[in-house]
Amino acid sequence: MKKKLFCLVLAAAVGMSLFAGCVDSEAAPEPTTTPAPAADGGNGGGESQDTLAVAAGKKVGVSMPTKDLQRWNQDGANMEEQLKAAGYEVDLQFASNDVATQVSQIETMINNGCDVLVIAAIEGDSLGTVLDLAKEKNIPVIAYDRLLMNSDAVSYYATFDNYMVGTKQGEYIRDRLDLDNAAGPFNLEITAGDPGDNNALFFYDGAMDVLRPYIESGKLVVKSGQIEFEKVATDKWDSANAQNRMDNIISAYYSDGTNIDACLCSNDSTALGVATSLGSNYKGTYPIITGQDCDIVNVKNMLEGKQSMSIFKDTRTLAGKVVEMVNAILSGSEPPINDTETYNNGVITVPSYLCEPVFADADNYKEILIDSGYYTEDQLA
Ligand code: BGC
14 MKKKLFCLVL
24 AAAVGMSLFA
34 GCVDSEAAPE
44 PTTTPAPAAD
54 GGNGGGESQD
64 TLAVAAGKKV
74 GVSMPTKDLQ
84 RWNQDGANME
94 EQLKAAGYEV
104 DLQFASNDVA
114 TQVSQIETMI
124 NNGCDVLVIA
134 AIEGDSLGTV
144 LDLAKEKNIP
154 VIAYDRLLMN
164 SDAVSYYATF
174 DNYMVGTKQG
184 EYIRDRLDLD
194 NAAGPFNLEI
204 TAGDPGDNNA
214 LFFYDGAMDV
224 LRPYIESGKL
234 VVKSGQIEFE
244 KVATDKWDSA
254 NAQNRMDNII
264 SAYYSDGTNI
274 DACLCSNDST
284 ALGVATSLGS
294 NYKGTYPIIT
304 GQDCDIVNVK
314 NMLEGKQSMS
324 IFKDTRTLAG
334 KVVEMVNAIL
344 SGSEPPINDT
354 ETYNNGVITV
364 PSYLCEPVFA
374 DADNYKEILI
384 DSGYYTEDQL
394 A
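Here this note's numbering is used: the first residue of the sequence shown is 14, the next is one more, and so on.
Okay, structure coming up:
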């Protein structure tokens, strides 16, 4: 809790009004002149003389998966903002969720002489060759938010505690339905993330480790029978895919008005698809819906009762941690690491820093999202 408050206070203290003008989920927020967090604050790279000296003449390539989801725009803008404030030249690219585009963008970054690569992969498994090229040229690679799989060219990984994200979603459903005391049974449907994203299984496992015992005891019933990850995954995290699947489930199992009591959705884009489906096809009482990212459109849904909660992952904190990593790598010191066991990518266990996610709902959103300077009231109106 202390740590959480510290992060929020710190984020507020560094005055990040970065998203004051960001309402369009398609457009990257305009960079501002907001200063990067202090180097020693655990939240950023800083602009000390030492750091500026390390950064002088150094270029960082930042490869983001897509502009289609609000969060990656924020991640990209934060990274660029904080790296520039620390004195780096930045090459920021978004890959339109197309693996070939991401590969060629990273190749160009390498050929243009970048000193460090920061990569949020579209598919963790698809960058092997270009990562080999980075290794050949001694360019350190930081996996950003999503682990880069099956490659020994990955130096570090910065992310949120992905299992904890799922745990918090599962606990929310458990507590709201009062599964330990209420008689039930309750109907649950499950929507998970993209099988190509290593995070998706962590989110699913975290939530299911909480909920599975209730499914096994019969207190939770999944009428569709679709429980295993492969059955509930959503290709590319796409809202339309989540919506289509939910449309089919509703018409096959709930068209007579039977209630769905809860929908476990791994993130906001899948929650959006499920909410749209419920809005048009469903006759029962509106269910609990979980999410992740606190995208503006989902926070609005939360305030309108169309989504129950979302996990807040402060992208400013993650960007700050990556800038610290970059500074440390380039100055030959030890990057911040708090996990050396969890993230094996199939070839190596990647030293990682896991930031802590928090949960947001209609009751606490002001404190979490507005008082911290992440959004303005106007953006959520
Ligand atoms: C991220 C989530 C995001 C999802 C879809 C995951 O890798 O961790 O925050 O919602 O991708 O973009």
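Cβ coordinates follow ideal geometry from the N, Cα and C atoms, glycine included.
Got a sec: does ligand 1 put a non-hydrogen atom nearer than 7 Å to the Cβ of R159? Here residue 159 is taken as the residue at index 146 of the sequence shown, counted from 1. Yes, Cβ of R159 sits closer than 7 Å to a heavy atom of ligand 1.
Grab me the residues of A213's own chain with a C-beta within less than 7 Å of its C-beta, minus the 5 sequence neighbours each way, in chain order. Within the sequence shown, the letter at position 200 stands for residue 213. Counting only residues of its own chain and dropping the five nearest sequence neighbours on each side, A213 has a CB closer than 7 Å to the CB of A205, G206, D207, A246 and S279.
Chain-order list of residues whose beta-carbon lies under 6 Å from that of F215 (same chain, five-residue window excluded): If you number the sequence shown from 1, residue 215 lands on position 202. If we look at F215 and ignore the five residues flanking it on each side, its Cβ neighbours are N175 and Y176.
At which residue ranges does the segment 350 to 385 contain complete alpha helix (DSSP H) runs of 4 or more residues, listed in the order of the chain? Runs found: none.
Start and end of the alpha helix (DSSP H) containing Y185? The residue you call residue 185 lines up with position 172 of the sequence shown. From DSSP, the alpha helix (DSSP H) with Y185 extends over N175 to R189.
Should the segment 83 to 91 be regarded as contacting the segment 305 to 325, the criterion being three or more beta carbon pairs within less than 8 Å? Contact check between the segment 83 to 91 and the segment 305 to 325: three or more CB pairs, one atom from each, fall below 8 Å, which counts as touching.
Just to check my reading of the structure: L96 and V73 have Cβ atoms closer than 8 Å, yes? What is that Cβ distance to the nearest angstrom? Here residue 96 refers to the residue found at position 83 of the sequence shown. Here residue 73 refers to the residue found at position 60 of the sequence shown. Indeed, because the Cβ distance is near 5 Å, the residues count as touching under 8 Å.
Supposed contact pair Y157 and V335 - C-beta distance, whole angstroms, cut 8 Å: Locating residue 335 in the sequence shown gives position 322, counting from the first residue. Locating residue 157 in the sequence shown gives position 144, counting from the first residue. Correct: roughly 6 Å between the Cβ atoms.
For the alpha helix (DSSP H) that L161 lies in, which residues bound it at each end? Here residue 161 corresponds to residue number 148 of the sequence shown, with the count starting at 1. Per DSSP, L161 belongs to no alpha helix (DSSP H) and is neither H nor E.
Would you grab the beta carbon distance between V312 and L393 for me? Rounded to a whole angstrom, and I think it's under 8 Å. Working through the sequence shown from its first residue, we reach residue 312 at position 299. Working through the sequence shown from its first residue, we reach residue 393 at position 380. Taking a contact as a CB-CB distance under 8 Å, the pair V312 and L393 counts as one, their CB atoms being some 6 Å apart.
Whole angstroms are fine: how far does the CA of I342 sit from the CA of A68? Numbered from its first residue, the sequence shown carries residue 68 at position 55. Numbered from its first residue, the sequence shown carries residue 342 at position 329. Cα to Cα, A68 sits roughly 11 Å from I342.
With 16 as the cutoff for other CB atoms within 10 Å, does E136 come out buried or exposed? For the purposes of this step, residue 136 is taken as the residue at position 123 of the sequence shown. By the neighbour-count definition (other C-beta atoms within 10 Å, threshold 16), E136 is a buried residue.
Answer yes or no: the CB of Q305 versus the heavy atoms of ligand 1, is any distance below 7 Å? Working through the sequence shown from its first residue, we reach residue 305 at position 292. Yes.
Backbone CA spacing between S109 and P78 [nearest angstrom]: To locate residue 109, count along the sequence shown from 1; it is residue 96. To locate residue 78, count along the sequence shown from 1; it is residue 65. Between S109 and P78, the C-alpha separation is close to 6 Å.
For S282, the nearest candidate out of I123, P349, I324 and G89 (CA to CA): Stepping through the sequence shown from its first residue, residue 282 is reached at position 269. Checked all of I123, P349, I324 and G89; the closest Cα to S282 is I324.
Between which residues of its own chain and E184 is the CB-CB distance below 6 Å, once the five residues before and five after are set aside? As a working mapping, residue 184 is identified with position 171 in the sequence shown. Within the same chain, E184 has close Cβ partners V223.
In angstroms, rounded to a whole number, what distance separates the CA positions of S117 and E93? To locate residue 117, count along the sequence shown from 1; it is residue 104. To locate residue 93, count along the sequence shown from 1; it is residue 80. Going by C-alpha positions, S117 is about 20 Å away from E93.
When burial is assigned at 16 or more other CB atoms within 10 Å of the CB, is G126 buried or exposed? Position 113 of the sequence shown holds residue 126. By the 16-neighbour rule on beta-carbons within 10 angstroms, G126 is exposed.
Run of the alpha helix (DSSP H) containing Q95, from where it starts to where it stops: To locate residue 95, count along the sequence shown from 1; it is residue 82. In the DSSP assignment, Q95 falls within the alpha helix (DSSP H) that extends over Q83 to A98.
Under 7 Å: does the beta carbon of G286 sit that close to some heavy atom of ligand 1? Against the sequence shown, residue 286 aligns to sequence position 273. The beta carbon of G286 sits no closer than 7 Å to any heavy atom of ligand 1.
Suppose you measure from the CA of G345 to the CA of V339; what does that come to, to the nearest Å? Within the sequence shown, residue 345 is the residue found at index 332, counting from 1. Within the sequence shown, residue 339 is the residue found at index 326, counting from 1. Distance between the alpha carbons of G345 and V339: 10 Å.
Verify the contact flag: N280, CB atom, against every heavy atom of ligand 1, threshold strictly below 7 Å. Here residue 280 corresponds to residue number 267 of the sequence shown, with the count starting at 1. Set against 7 Å, the gap from the CB of N280 to the closest heavy atom of ligand 1 is smaller.
When burial is assigned at 16 or more other CB atoms within 10 Å of the CB, is P153 buried or exposed? As a working mapping, residue 153 is identified with position 140 in the sequence shown. So P153 counts as buried.
Can you round the beta-carbon distance between Y388 and M315 to whole angstroms, since I take them to be within the 8 Å contact cut? Reading the sequence shown from its first residue, position 375 is the one you call residue 388. Reading the sequence shown from its first residue, position 302 is the one you call residue 315. Contact check for Y388 and M315: beta-carbon distance about 12 Å, past the 8 Å limit, so the pair fails to qualify.
If you drop the 5 nearest sequence neighbours on each side, which residues of the same chain put their C-beta closer than 7 Å to that of L367? As a working note, residue 367 is residue 354 in the sequence shown. Close CB contacts of L367 within its chain, under the 7 Å cut and outside five residues either way in sequence, are with T172, F173, D174, N351 and D352 (chain order).
Quick one: any contact between the segment 187 to 199 and the segment 260 to 270, if contact means 3 or more CB pairs under 8 Å? No, they do not touch.
Just to confirm my understanding: we take I361, look at its own chain, exclude 5 residues before and 5 after, and list those with CB closer than 6 Å. What are they? Here the question's residue 361 lines up with position 348 in the sequence shown. Excluding residues within five positions, the ones whose Cβ falls inside 6 Å are D165.
One or two residues paired with I240 in a DSSP bridge: Translated into positions along the sequence shown, residue 240 becomes position 227. In the DSSP secondary-structure assignment, I240 is not bridged to any residue.
Would the beta-carbon of L277 fall within 8 Å of that of I203? In the sequence shown, residue 277 corresponds to position 264, counting from 1. In the sequence shown, residue 203 corresponds to position 190, counting from 1. Result yes, Cβ atoms of L277 and I203 sit closer than 8 Å.
Cβ distance (whole Å) where K296 is taken to contact G318 below 8 Å: As a first step, residue 296 is located in the sequence shown; it is residue number 283 there, counting from the start. As a first step, residue 318 is located in the sequence shown; it is residue number 305 there, counting from the start. Contact doesn't hold; Cβ gap of about 17 Å is too wide.
Does DSSP put G286 in a helix, in a strand, or in coil? Within the sequence shown, the letter at position 273 stands for residue 286. For G286, the three-state secondary structure derived from DSSP is helix.
Take I383 and list the residues in its own chain whose beta-carbon comes closer than 8 Å to its own, dropping the five residues that flank it on each side. Residue mapping note: residue 383 aligns to position 370 of the sequence shown, counting from 1. The residues T389, E390 and L393, in chain order, have a CB closer than 8 Å to that of I383 in the same chain once the five nearest residues on each side in sequence are set aside.
Cβ of N163 within 8 Å of Cβ of D138? Your numbering for residue 163 matches position 150 in the sequence shown. Your numbering for residue 138 matches position 125 in the sequence shown. Yes, they are a contact pair.
What's the gap between the Cα of N211 and the Cα of I240? Position 198 of the sequence shown holds residue 211. Position 227 of the sequence shown holds residue 240. When rounded, the distance between both Cα atoms is 18 Å.
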